[in-house]
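Worksheet: one structure, shown below.
Numbering (UniProt numbering), first residue to last: 1 to 476.
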């Protein structure tokens, strides 16, 4: 089921429950109020508390105790009309006399059925609290509400009653009215729920269409308009951030593949040329001069070594960069010492050796030890490569700052922003061996360890200062 339909149904269900609860409470309140008014109407009905009316009913001034005796006239007189008389009866209230043996209705009243339990208050004072119960009429069996009060004389009681029929009719009409109003309210709630859900989910529909477009066309340049600060706006911002990150990642990947293809083409072409020369020499039976053959084999080995290093660098850079990588404590001074020992032979191997001096203070940081050692090796290798013959490369570590200083030609100010880009090399260094990936790898290792790396021009002479800053402590 679509989300807008579910929202409409849930809103309609909530409204239906609310309307049903209100209707039920209203019905019960009205019913109780009508019953309360009925009881007040019955209780407000006066009774013949004097004996005169009984004698009028009998037609005998001697003062008989019951209006239902054998001398009861066929047409008893109406109650006295004197407003000060103690007898009065509002509309719909009937009065029946009951003495345990028989019942008789007073003039204008409907006779109801008495019960033996009604006589428990017979003969008591007129102001005795009455007994309330439900009963029926004697002739038709209609349901009535009854108050039992003591008769003024004799042993009988009066049954003051009022039929339930008018109240039941009113409650039935009220129930139908509430039912119809509830149906109209629920129908309106369903309609309003559909309209509200459609309006509220319109931004979601737009976002869904954008996602489907991206999935269908792989066009990551799509951006969602952001308006306001609600959940839809946050979802749009997240979608834009996701597509921007995916586009950046794809562009990086494409650039890496393009640059890698360009860089791999050179050593592969050189290797193919060398191998072709050696094969043609063997096939033609004209061996190459020994010095030339040795030169070709040495060059092939060099190209193979550079190709191996380039592939290793590409594999390292193809690994997704982690914002929170799993790290461990790393003794940076020990890592730097090992890196110096690895690079020192390269300086010694130059025609005029380049030396490396070190001043390392203890410093413990967190990160990937192998990645940090490779980053330091790349910095040292870069310094040795550009150091003048016979010069010294200075390496210092203090308070989490590792500096590598060489005395070479330095980096031009306009080139400093590009030194950490992949495959970027200075125009003056393109003739030298290397792929231009070492500093990019070093920069990523620094970022993953929570540090930073930068190049500076020294103030006390030529050269370059590479500075690697890593958080940590001087304690072990």
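Using N, Cα and C, we set each Cβ at its ideal position, and we do this for glycine too.
How would you call residue i, buried or exposed, if buried means at least 16 neighbouring beta carbons within 10 angstroms?
i, result
"residue 45", "buried"
"residue 219", "exposed"
"residue 286", "exposed"
"residue 146", "buried"
"residue 187", "exposed"
"residue 385", "buried"
"residue 10", "exposed"
"residue 301", "exposed"
"residue 108", "exposed"
"residue 224", "buried"
"residue 37", "exposed"
"residue 462", "exposed"
"residue 257", "exposed"
"residue 382", "buried"
"residue 160", "buried"
"residue 407", "buried"
"residue 62", "Reliability fails at residue 62, whose pLDDT of 38 lies under 50, so the model's placement of it is uncertain and the value that follows must be treated cautiously. Looking at its Cβ environment, which holds fewer than 16 other Cβ atoms inside 10 Å, residue 62 is exposed."
"residue 96", "buried"
"residue 297", "exposed"
"residue 391", "buried"
"residue 73", "Unreliable placement is indicated for residue 73, whose pLDDT of 38 sits below 50; the coordinate value is still reported in the next sentence. Exposed, because fewer than 16 other Cβ atoms sit within 10 Å of the Cβ of residue 73."
"residue 118", "buried"
"residue 378", "buried"
Between which two residues does the alpha helix (DSSP H) holding residue i run?
i, result
"residue 443", "438-448"
"residue 92", "First-last for residue 92: undefined, no H or E at that position."
"residue 229", "Taken as a continuous stretch (DSSP letters only), residue 229 belongs to no alpha helix (DSSP H), as it is neither H nor E."
"residue 381", "369-386"
"residue 205", "202-217"
Look up residue i in the DSSP assignment and say whether it is helix, strand or coil.
i, result
"residue 150", "strand"
"residue 143", "strand"
"residue 419", "coil"
"residue 165", "helix"
"residue 50", "Per-residue confidence for residue 50 stands at a pLDDT of 37, beneath the threshold of 50, marking its modelled position as unreliable; the derived number appears in the next sentence. Residue state, collapsed to three classes: coil."
"residue 254", "helix"
"residue 105", "strand"
"residue 292", "helix"
"residue 55", "Residue placement at residue 55 cannot be trusted, given a pLDDT of 42 that sits under 50; what the coordinates show is reported in the next sentence. Helix at residue 55."
"residue 220", "coil"
"residue 352", "coil"
"residue 113", "coil"
"residue 389", "coil"
"residue 241", "helix"
"residue 460", "coil"
"residue 411", "coil"
"residue 122", "coil"
"residue 276", "helix"
"residue 287", "coil"
"residue 155", "coil"
"residue 188", "helix"
"residue 100", "coil"
According to DSSP, which residues form a beta bridge with residue i?
i, result
"residue 359", "396"
"residue 455", "466"
"residue 132", "147"
"residue 160", "95 and 147"
"residue 364", "331 and 473"
"residue 137", "112"
How far does the beta strand (DSSP E) with residue i in it extend, from its first residue to its last?
i, result
"residue 20", "Where residue 20 is concerned, there is no enclosing beta strand (DSSP E), although the alpha helix (DSSP H) it sits in stretches over 3-43."
"residue 329", "328-331"
"residue 402", "401-406"
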